[in-house]
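Here the structure is laid out as structure tokens; the discussion comes afterwards.
Residue numbers (the UniProt record's numbering): 1 to 557.
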């Protein structure tokens, strides 16, 4: 009951159209909110999935890198042991003799046993003296280092650049020589390579001043010494008893990293994964060259990504129509980045679900809009029908005046207000003279014209506060608030004279005068405000007016 009362109250205070608008807007907002919540959940799921996929790829790559770095740590330990405990693997005196003959040459290459070790490549004593970072003064250290380097070269010959993860492994000595898994092709390349090595970041950064903690160091991306493309290098210092002997280094080419990325990525992976160094240089990507160009980040996108990476080790970033996830790699001084554009996202599972969700929301919105328009048309039609029914229930269709029921309903309210404010109230009762004769002689259409003409004259003679109604076949009643009996008589006389002076067209060639008899009553006579009583008095006086000849007013009998 309370719910029905609430709806009834709401319906009486709010226009039906506005209520329909409100209800449909509420449904639309609710459906949009639910769809938005689902879209947010899908978005979060998509971002989590992207991070999981990137983490899987970066973990696989890091496992391979970590395994390779384990080999670098092993060589470092081996080198330290070889420096600490020189063995008799090689004839020390023989090595010393060979080196003594070679050390003065501008460029030399030493191979003690071509079947068991790789060539040491070096420069002269004179050349070394021009570089403060180099040192060949201590003969015992030099002898120990040559032995250790030869042992290292013995293991190095088993490396396979075609299949190893690293592109190259080498040792660079401060004593003016180096050994590499990919030996130089000629003497000119020996000098050029060594000179560039000792000036490179992976060598100079290993000095005790630059690396007091003696930790591993990764270089930014650079072009290789022997035109092998872009690569990054990891290096570790070789020390013994506080003395810095040299550097062990591993090169990783962009091409090799690209191949491993392709193997690490699932077959149905949408988007592209890229590895960036610490300076945000693109080291390697999972896509081929044309694909990589499509996913290349602009300068502004790189700036936003760099700022985000500085604050978090992993996360996601939406830039325009791209979604970027990143994960800092623990084993390499860089970051793995996954880039996915809008098209990739739509091809994925989350994208397809999003399209279905958007389609359902759009379809529901269209159905809701169609229902809203149908309901508005229905409410409009019902409103128009309600107005018509309300008019027909209150007005006479022929005269456009109140019908009997509506007239007396409004008259009672008006009389009550006049009584409360002590205002005079008057009533006119009118009847058309000889109306039956007009009907019988000229037909009902002529009678209708007579009724309509009388109603028009009455309406023009009244004020806005007065009310008039057709209360019988040819009878009319007029209620005049705040009007004395004398003024009411004057109004009645004006109506009578107007009608008596006019003629109406009853047929195509005949005009007929229509007159009325009027009875007038007022509340001043007996203090009566009852409309029934006033009408009874006015009706009696109307009867006397008809008896006395019609077309007259009676207000005293």
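Backbone N, C-alpha and C fix where the C-beta goes; we use that ideal spot for every residue, glycine too.
Opening and closing residue of the alpha helix (DSSP H) in which residue i lies
i: residue 483; result: Looking at the DSSP string, residue 483 is not in any alpha helix (DSSP H), and its letter there is neither H nor E.
i: residue 78; result: 16 to 84
i: residue 126; result: 125 to 129
i: residue 156; result: 139 to 156
i: residue 282; result: Taken as a continuous stretch (DSSP letters only), residue 282 belongs to no alpha helix (DSSP H), being part of the beta strand (DSSP E) at 282 to 285.
i: residue 573; result: Look at the range of the chain in this structure, 1 to 557, and you will see that residue 573 is not part of it.
i: residue 190; result: 187 to 199
i: residue 419; result: 404 to 420
i: residue 423; result: Looking at the DSSP string, residue 423 is not in any alpha helix (DSSP H), and its letter there is neither H nor E.
i: residue 262; result: 254 to 264
i: residue 340; result: It is not in any alpha helix (DSSP H) - residue 340 instead sits in the beta strand (DSSP E) that spans 334 to 340.
For residue i, the three-state DSSP class (helix, strand or coil)
i: residue 313; result: coil
i: residue 511; result: strand
i: residue 110; result: strand
i: residue 491; result: helix
i: residue 177; result: strand
i: residue 233; result: strand
i: residue 269; result: coil
i: residue 550; result: coil
i: residue 240; result: strand
i: residue 439; result: helix
i: residue 390; result: helix
i: residue 2; result: Model confidence at residue 2 stands at a pLDDT of 49, short of 50, so the residue's coordinates are unreliable; what they give is reported in the following sentence. If DSSP states are grouped into helix, strand and coil, residue 2 belongs with the helices.
i: residue 7; result: Note that residue 7 scores a pLDDT of 46, beneath 50, so its modelled location is shaky; the value from the coordinates is reported in the next line. If DSSP states are grouped into helix, strand and coil, residue 7 belongs with the helices.
i: residue 473; result: coil
i: residue 430; result: strand
Top-ranked residue by Cα proximity to residue i, from the options
i: residue 327; options: 57, 516, 363; result: 57
i: residue 61; options: 364, 112, 274; result: 274
i: residue 399; options: 474, 373, 298, 378; result: 474
i: residue 307; options: 278, 84, 294, 293; result: 278
i: residue 309; options: 292, 300, 299, 280; result: 280
i: residue 316; options: 465, 432, 52, 404; result: 52
i: residue 209; options: 219, 244, 176; result: 244
i: residue 305; options: 293, 78, 171, 282; result: 282
i: residue 266; options: 145, 492, 54; result: 54
Cα-Cα separation, residue i to residue j
i: residue 168; j: residue 216; result: 17 Å
i: residue 166; j: residue 111; result: 24 Å
i: residue 383; j: residue 270; result: 58 Å
i: residue 471; j: residue 407; result: 8 Å
i: residue 173; j: residue 164; result: 24 Å
i: residue 517; j: residue 420; result: 31 Å
i: residue 427; j: residue 521; result: 5 Å
i: residue 136; j: residue 130; result: 12 Å
i: residue 206; j: residue 214; result: 7 Å
i: residue 443; j: residue 435; result: 11 Å
i: residue 450; j: residue 418; result: 33 Å
i: residue 529; j: residue 509; result: 47 Å
i: residue 46; j: residue 261; result: 22 Å
i: residue 365; j: residue 50; result: 31 Å
i: residue 72; j: residue 184; result: 21 Å
i: residue 221; j: residue 358; result: 44 Å
i: residue 96; j: residue 83; result: 16 Å
i: residue 455; j: residue 30; result: 56 Å
i: residue 140; j: residue 123; result: 19 Å
i: residue 544; j: residue 433; result: 13 Å
Unbroken beta strand (DSSP E) run spanning residue i, endpoints
i: residue 104; result: Counting along the chain, residue 104 falls outside any beta strand (DSSP E), and DSSP gives it neither H nor E.
i: residue 325; result: 322 to 329
Three or more C-beta pairs under 8 Å: does that hold for the stretch 410 to 421 against the stretch 498 to 505? Touching, no, given that fewer than three Cβ pairs across the two stretches are closer than 8 Å.
Please confirm if the stretch 180 to 198 is in contact with the stretch 102 to 110, defined as three or more CB-CB distances below 8 Å between the two stretches. yes
Contact between the stretch 483 to 502 and the stretch 448 to 461 is defined here as three or more beta-carbon pairs at a separation below 8 Å; is this criterion met? yes
Under 8 Å: do the stretch 17 to 36 and the stretch 333 to 340 share three or more Cβ pairs, one atom per stretch? No, they do not touch.
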